[in-house]
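Here my numbering is used: position 79 in the sequence shown is 79, and no number is missing along the way. See below for the structure under consideration.
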Amino acid sequence: MLKYFYKGEQNMTGKTHASCGFLVGAITTQYFHTDIFTSISVIVLSVISSILPDICHTQSKIGRRFRLTSFFVRILFGHRTFTHSLLFIIGISFLLYFIQTPMYYMVAIVIGMFSHVILDILTPRGVKLLYPLPFNIVSPIHFKTGGLVDVSLATALSVGAIYTLFQPYLNTMMHYWLIK
Numbered sequence: 001m002l003k004y005f006y007k008g009e010q011n012m013t014g015k016t017h018a019s020c021g022f023l024v025g026a027i028t029t030q031y032f033h034t035d036i037f038t039s040i041s042v043i044v045l046s047v048i049s050s051i052l053p054d055i056c057h058t059q060s061k062i063g064r065r066f067r068l069t070s071f072f073v074r075i076l077f078g079h080r081t082f083t084h085s086l087l088f089i090i091g092i093s094f095l096l097y098f099i100q101t102p103m104y105y106m107v108a109i110v111i112g113m114f115s116h117v118i119l120d121i122l123t124p125r126g127v128k129l130l131y132p133l134p135f136n137i138v139s140p141i142h143f144k145t146g147g148l149v150d151v152s153l154a155t156a157l158s159v160g161a162i163y164t165l166f167q168p169y170l171n172t173m174m175h176y177w178l179i180k
């Protein structure tokens, strides 16, 4: 197995998850051609959903915000089990469908949560993707979180999100610049 920068922390940082959620939200707004107000709410929901699976970790950004909920989820399921599983993501998807959530919100939330799980698979601990089955899914290539790779990934995801959001405007400016 390849282990890049493997000593130390084994939990992906909240900044990296949030950056990935930001990119997911930006792509979703471009795909659905949402207006500015809807775009802001899509991005916010995507960022929140990208850190939501860590509600099972009392020291995570969302776990510290919702301490009591985090405590009970941790007691019931443990860390990186139910909230990091396909069962959880599918359950949330059905709930969103049942309450007739607009498709752009549903896509942003579900892909935001899935992005969290994918990023955690890249850590040495992996996740129990098929919970309640006891198998841990771990990428053969993983890296130390909080290290150079993690910080670089968070930065690249944020730059990608900003580019995605402003790319249509840049294209328009280029178009007018080339014509005149």
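Glycine included, every Cβ here is placed at the ideal spot set by N, Cα and C.
From the DSSP output, in three-state form, read off residue 138 for me. Counted from its first residue, the sequence shown places residue 138 at position 138. In this structure, residue 138 counts as coil in the three-state DSSP scheme.
Same chain, Cβ closer than 6 angstroms to residue 112, five either side skipped, listed in chain order: Counting from 1 along the sequence shown, the entry for residue 112 is found at position 112. Non-local beta-carbon contacts of residue 112 in its own chain, meaning distances under 6 angstroms to residues more than five positions away in sequence, involve 21, 24, 46, 49 and 50 in chain order.
Quickly, what does DSSP pair residue 127 with across the bridge? List them, please. Taking the sequence shown and counting its residues from 1, one reaches residue 127 at position 127. Answer by DSSP bridge pairing, in chain order: 137.
Rounded to a whole number of angstroms, what is the C-alpha to C-alpha distance between residue 80 and residue 127? Here the question's residue 80 lines up with position 80 in the sequence shown. Here the question's residue 127 lines up with position 127 in the sequence shown. Computed Cα separation, rounded: 5 angstroms.
List the whole-angstrom C-beta distance separating residue 143 from residue 122, where the pair is believed to meet the contact cut-off of C-beta under 8 angstroms. Position 143 of the sequence shown, counting from 1, holds the residue named residue 143. Position 122 of the sequence shown, counting from 1, holds the residue named residue 122. Residue 143 to residue 122, Cβ: 7 angstroms. Contact.
4-residue-minimum alpha helix (DSSP H) runs that sit fully inside the segment 8-39, ordered along the chain: 14-32
Taking only the alpha-carbon atoms, compute the straight-line gap between residue 117 and residue 30 and give it to the nearest angstrom. Taking the first residue of the sequence shown as 1, we reach residue 117 at position 117. Taking the first residue of the sequence shown as 1, we reach residue 30 at position 30. Answer to the nearest angstrom: the Cα atoms are 23 angstroms apart.
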